[in-house]
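Comments concern the structure below.
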Amino acid sequence: MEASDPRTSASPRFTGNSNSVDNAPSPPPPLGLPASAGPVNRDEPVPQFVWLIFGATGHLGLILSEIALVRNDRVIQVGKTGADEHNPPAEHPNSFFTVCDVRDRESVSRAVDTALSVWGRLDVVVNCAGYGIIGGCEDQDEYEIRDQMDTNFMGVFNIMHLTIPYFRKRKEGRYIIFSSTSGFLGLPGLGGYCGSKWAVEGFVESLMYELEPDNVKASLVIAGLAKHDEPTPDIHGRRANWAHFLMTTTPSQPYSSVASPANHARRMVQWIRDRQITSGLKVAEMVWELAHCQNPPLRLLLGQHAVESMRDRLRFTLEEIEDWKHLYHLDDSDVQNQNGGLYGGEMEDVAMSTREEEDEET
């Protein structure tokens, strides 16, 4: 698969009378990261990176793998245990394929050890693995909620927790975690999925600060509504499967109405399947640029839907703060007056026991 330079491929081709230059619309600016990110200089040799991509057999993971290979990087593609073992991606001299279950720490550990044994190093670790169940929160049982958390959140935890020591020792490394607009929105019909993505957002942002002194960067990619594969029945025949969402087959009576808020996610996915919203190819090109730039952002929002969703969320939050701030806005003098100065002034350091000390006490 050939990919053209993302800085030039985004400009559309204009057809018609070539003499009507004055009337032709101006092309959009070239697609690329801002100068503040320290983007790749294509006039100089680009270092060859080794990628470890979890979820590499999914839509975005597969395209990202192909883009990295076209750009002369090396890729360890990790598929899902069972489902992908007998259907590996096309072979390439710079790629290696293995499988794991991101929910299983030992399985992830074996995949990381295998990856390090192939080319002796890792530069970029990516997670694209994840799924959600569409249906009211009340209609999802404990197993379904827990499995979404285990896959989407604990999967990220396992991947990062097992590779941080390696990156810290090298004093460099990149994490690129595919998140979702569901990581900052609450969407009816996707409660379990949203909960898992909110957890991912908070965890990765916290780690970003912790890893900064060791020159290890972490970024969340929010790609908006990217179209995936056509729907197919899942292997158990219990739900219709579309992309990485499973739909509950029969909503319970309180949520069975077409107008029920819990059916919002179902309608949204059915709407997406007929429209190409965000280009998966452009997303992959920008992620490749992100991995090679000097100053990656914490969050990279790609596509109009992702950007507008974040703006709406922030606008709503600010408006809500302004509406209610008179109930909880206290400055230091108010706190000191109400509590005799007990809780006013600067924050002091508090000696806290460690986990080992607590274990010794018990």
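Residues 1 to 362 (full-length UniProt numbering) make up the sequence shown, in order.
No residue lacks a Cβ here, since even glycine has one placed at the ideal position from N, Cα and C.
Just so we're clear, the structure is a prediction, and the values are computed from it rather than from any experiment.
> From Val112 to Val75, what distance separates their C-alpha atoms?
Replying inline: Straight-line Cα distance between these residues: approximately 13 Å.
>> Counting beta carbon pairs with one atom in the region 255-271 and one in the region 85-101, are three or more of them shorter than 8 Å?
In response: Taking 8 Å as the limit for Cβ pairs, the verdict is that the region 255-271 does not touch the region 85-101.
> Who does Thr98 pair with in a DSSP beta bridge?
Replying inline: The partner list for Thr98 (beta bridge, DSSP) reads Val78.
>> Please classify Ser65 as buried or exposed, where buried requires at least 16 other C-beta atoms within 10 Å of its C-beta.
In response: That one is buried.
> Can you pull the DSSP bridge partners for Leu301?
Replying inline: In DSSP, Leu301 forms a bridge with Ile222.
> In its own chain, which residues sit with a C-beta less than 6 Å from the C-beta of Gly55, not counting the 5 before and 5 after it?
Replying inline: Gly61, Cys128 and Ala129.
> Comparing alpha-carbon positions, which option in Glu142, Leu116, Leu185 and Gln253 lies nearest Asp312?
Replying inline: Taking each of Glu142, Leu116, Leu185 and Gln253 in turn and checking the Cα distance to Asp312, the smallest one comes out for Leu185.
>> Tell me whether the region 79-92 and the region 159-166 touch, counting them as touching only if at least three CB pairs, one residue from each stretch, are closer than 8 Å.
In response: Contact between the region 79-92 and the region 159-166 is absent, because fewer than three Cβ pairs lie under 8 Å.
> So Trp51 and Ala68 are in contact, right, with Cβ under 8 Å, and what is the actual spacing, rounded?
Replying inline: With a Cβ gap of about 5 Å, Trp51 and Ala68 count as contacting.
> Beta carbon of Leu132, beta carbon of Gly192: below 8 Å?
Replying inline: The question names Leu, but residue 132 in the sequence shown is Gly. Less than 8 Å divides the Cβ of Gly132 from the Cβ of Gly192.
> Can you tell me whether Ala259 is buried or exposed, with buried defined as 16 or more other CB within 10 angstroms of its CB?
Replying inline: Around the beta carbon of Ala259, fewer than 16 other beta carbons sit within 10 angstroms, so the residue counts as exposed.
>> Tell me whether the region 168-184 and the region 274-293 touch, counting them as touching only if at least three CB pairs, one residue from each stretch, are closer than 8 Å.
In response: Touching, yes, given that three or more Cβ pairs across the two stretches are closer than 8 Å.
>> Give me, in chain order, the residues of the same chain whose beta-carbon lies closer than 7 Å to that of Met154; leave out the 5 immediate sequence neighbours on both sides.
In response: Excluding sequence neighbours, Met154 sits near Arg103.
> Based on Cα-Cα distance, which residue from Leu327, Ala223 and Phe316 lies nearest to Gly280?
Replying inline: The shortest C-alpha separation from Gly280 is found at Ala223.
> Nearest to Arg168 by CA position, among Glu138, Tyr255 and Met208, is which residue?
Replying inline: When the alpha-carbon of Arg168 is set against those of Glu138, Tyr255 and Met208, the nearest one is in Met208.
> Can you give the Cα-Cα distance for Val200 and Gln77, rounded to whole angstroms?
Replying inline: Cα to Cα, the separation comes out at about 22 Å.
> Are Lys217 and Pro165 touching if we call contact CB-CB under 8 Å?
Replying inline: In this structure, Lys217 lies away from Pro165, with their beta-carbon atoms at least 8 Å apart.
> Would you say Leu314 and Leu220 are within 8 Å of each other, going by their C-beta atoms?
Replying inline: Not closer than 8 Å, so no.
> Per DSSP, what kind of secondary structure is Phe178 in: helix, strand or coil?
Replying inline: Three-state DSSP puts Phe178 in a strand.
>> Could you give the first and the last residue of the continuous alpha helix (DSSP H) run that contains Phe49?
In response: Where Phe49 is concerned, there is no enclosing alpha helix (DSSP H), given that its DSSP letter is neither H nor E.
>> Check whether chain D comes within 8 Å of Leu64, counting only Cβ atoms and requiring the distance to be less than that.
In response: No chain D appears in this structure, which consists of one protein chain only.
> By the 10 Å Cβ neighbour count, where 16 or more other Cβ atoms means buried, how is Thr317 classified, buried or exposed?
Replying inline: Here Thr317 is exposed. Its C-beta has fewer than 16 other C-beta atoms within 10 Å.
> Between which two residues does the alpha helix (DSSP H) carrying Gly32 extend?
Replying inline: Judged by DSSP secondary structure, Gly32 falls outside any alpha helix (DSSP H); it is assigned neither H nor E.
> If you compare alpha carbons, which of Val46, Pro188, Val70 and His59 is closest to Gly136?
Replying inline: It is Pro188 whose Cα lies nearest to the Cα of Gly136.
> If you draw a straight line from the alpha carbon of Ser180 to that of Ile145, how long is it in whole angstroms?
Replying inline: Using only the alpha carbons, I get a separation of about 17 Å.
>> Please report the distance separating the alpha-carbon of His305 from that of Pro93.
In response: CA-to-CA, the gap between His305 and Pro93 works out to about 37 Å.
> Is the beta carbon of Met310 sitting closer than 8 Å to the one on Leu300?
Replying inline: No; because the gap between Cβ atoms is not below 8 Å, this pair is not in contact.
>> Please list the terminal residues of the continuous alpha helix (DSSP H) segment that includes Gly191.
In response: Counted as a single uninterrupted DSSP element, the alpha helix (DSSP H) harbouring Gly191 occupies residues Gly191 to Leu211.
> Which value, in whole angstroms, describes the spacing of the CA atoms of Glu308 and Asp150?
Replying inline: Answer to the nearest angstrom: the Cα atoms are 29 Å apart.
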